[in-house]
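Undergrad:
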Amino acid sequence: MSPHVGARLVQRQLGLMLRSKVAGDDAPARAQRIWGAEGERWFTPEDPVWRVHADASMFPAGITSLLLQMLHPMAMAGVAGHSGYKSDPWGRLQRTSHYLATTTFGTIEHAEEAIAMVRSIHRRVRGKDHLGRPYRADDPHLLMWVHAAEIDSFLRGYQTFGDTPLTDAEADVYVSQAGIPAALLGVRNPPQSVAELRETLDSYRPELETTPAAREAARFLLLDPPLPFYARPGYGTLASGGVSLLPGWAREMLGLPVPDLVSSLVARPLGHVGTAAVRWGMAGLAERRPSDLPDDPEGPDEDNPSPEHPDERGQRVGDLAAS
Numbered sequence: 020m021s022p023h024v025g026a027r028l029v030q031r032q033l034g035l036m037l038r039s040k041v042a043g044d045d046a047p048a049r050a051q052r053i054w055g056a057e058g059e060r061w062f063t064p065e066d067p068v069w070r071v072h073a074d075a076s077m078f079p080a081g082i083t084s085l086l087l088q089m090l091h092p093m094a095m096a097g098v099a100g101h102s103g104y105k106s107d108p109w110g111r112l113q114r115t116s117h118y119l120a121t122t123t124f125g126t127i128e129h130a131e132e133a134i135a136m137v138r139s140i141h142r143r144v145r146g147k148d149h150l151g152r153p154y155r156a157d158d159p160h161l162l163m164w165v166h167a168a169e170i171d172s173f174l175r176g177y178q179t180f181g182d183t184p185l186t187d188a189e190a191d192v193y194v195s196q197a198g199i200p201a202a203l204l205g206v207r208n209p210p211q212s213v214a215e216l217r218e219t220l221d222s223y224r225p226e227l228e229t230t231p232a233a234r235e236a237a238r239f240l241l242l243d244p245p246l247p248f249y250a251r252p253g254y255g256t257l258a259s260g261g262v263s264l265l266p267g268w269a270r271e272m273l274g275l276p277v278p279d280l281v282s283s284l285v286a287r288p289l290g291h292v293g294t295a296a297v298r299w300g301m302a303g304l305a306e307r308r309p310s311d312l313p314d315d316p317e318g319p320d321e322d323n324p325s326p327e328h329p330d331e332r333g334q335r336v337g338d339l340a341a342s
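To convert, count from 1 in the sequence shown and add 19; that's our numbering.
(1) Would the beta-carbon of Gly260 fall within 8 Å of that of Gly300?
(2) Would you kindly report the start and end of the unbroken beta strand (DSSP E) that includes Arg287?
(3) Skipping 5 residues on each side, what residues in its chain have a beta carbon closer than 6 Å to that of Gly205?
(4) Alpha carbons only, please: which of Phe239, Pro153, Ser76, Arg145 is nearest the one belonging to Pro108?
(5) For the beta strand (DSSP E) containing Arg155, list its first residue and its last residue.
(6) Suppose you measure from the CA of Leu273 to the CA of Thr186; what does that come to, to the nearest Å?
(7) Out of Ile199, Arg31, Arg114, Gln211, which has the shortest C-alpha to C-alpha gap to Ala188?
(8) Using a threshold of 8 Å, state whether the C-beta atoms of Arg270 and Val262 are closer than that.
(9) Under DSSP, the beta strand (DSSP E) around Gly146 begins and ends at which residues?
(10) For Ala130, tell me which candidate among Arg60, Ala296, Arg27 has the shortest Cα-Cα distance.
(11) Between which two residues does the alpha helix (DSSP H) harbouring Met89 extend?
(12) Which partner residues does Thr121 have in the DSSP bridge list?
(13) Looking only at DSSP bridge pairs, what is Phe126 linked to?
(14) Are the CB atoms of Ile127 and Leu203 nearer to each other than 8 Å?
(15) State whether the stretch 73-83 contacts the stretch 140-158, with contact taken as three or more CB pairs (one from each stretch) at a distance under 8 Å.
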């Protein structure tokens, strides 16, 4: 076996492993439904929200998002009490990934179906936080925090680890476009610009705290992920990148001993390594979006699909959006 063929096999195996974990074993069928369906879509491949959510930077940014969201005690109580993040972490990740992929890349009809399903679940999720304060998942105020923390993390991730960062104007468009499905989900008046997004996040600071459940979830996410030991170093690079994207005050609240200098000189470069590995692995899959341009003249294309998967069509990193 030539070194080139061996490298391609390793690349494809990495891509398949990533897709299996993040999108599930039925990823090809889900991709076919998203990409094969005919109908109007909210976004196109040229739109900032499409570019951000299809990028490998979603991997470290997804970790950032979870760490930031868990600082709201009611959001954390809902996750701890209803999400099954410990008993079924990959299932939760796959459901979130599919929702983001459908609402970003899918038809409007399928996106609205996905949103309606999540809204029906949210109506049943309610309880009390660690201080006995009642919460409900469909509370617009709580939904706004989750939305703002999520898209701020995704934007920070893309601007840091993406190949072509957005311009300031494009970043504002990203925030506005991400608000379209969020508004249908129940977020009232989602931010329309980066400035509004940062103002929204700042307005929640007085409500944030590090609860015991948040500390436990952070340990699980960063120190004890549900992965075999051989996969943990690679995950560690992504986790380091995710931590580096957190605002300093959030790292301090979570008790993460990563000063700004260490974040810039150590954690962030590790994040670049991990993101590059994800991007390389996903590029090794045979399937492509109709919008993809061939980036490897020796690799498979739409007219000559992989003989192992002749019926698979879909996106690569886009399959794994939002992790």
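Built from N, CA and C at the ideal position, the CB exists for glycine as well.
Only a predicted model underlies this, so the values are computations on that prediction, with no experimental measurement involved.
TA: With the structure as the only source:
(1) no
(2) In the DSSP assignment, Arg287 falls outside any beta strand (DSSP E) and within the unbroken alpha helix (DSSP H) covering 287-302.
(3) Asp157, Pro159, Leu162
(4) Phe239
(5) Here the beta strand (DSSP E) through Arg155 covers 153-155.
(6) Each residue's alpha carbon lies about 31 Å from the other.
(7) Gln211
(8) yes
(9) 145-147
(10) Arg60
(11) First-last for Met89: undefined, no H or E at that position.
(12) Per DSSP, none; premise fails for Thr121.
(13) For the sequence presented, residue 126 should be read as Thr rather than Phe. Answer by DSSP bridge pairing, in chain order: Arg60.
(14) no
(15) no
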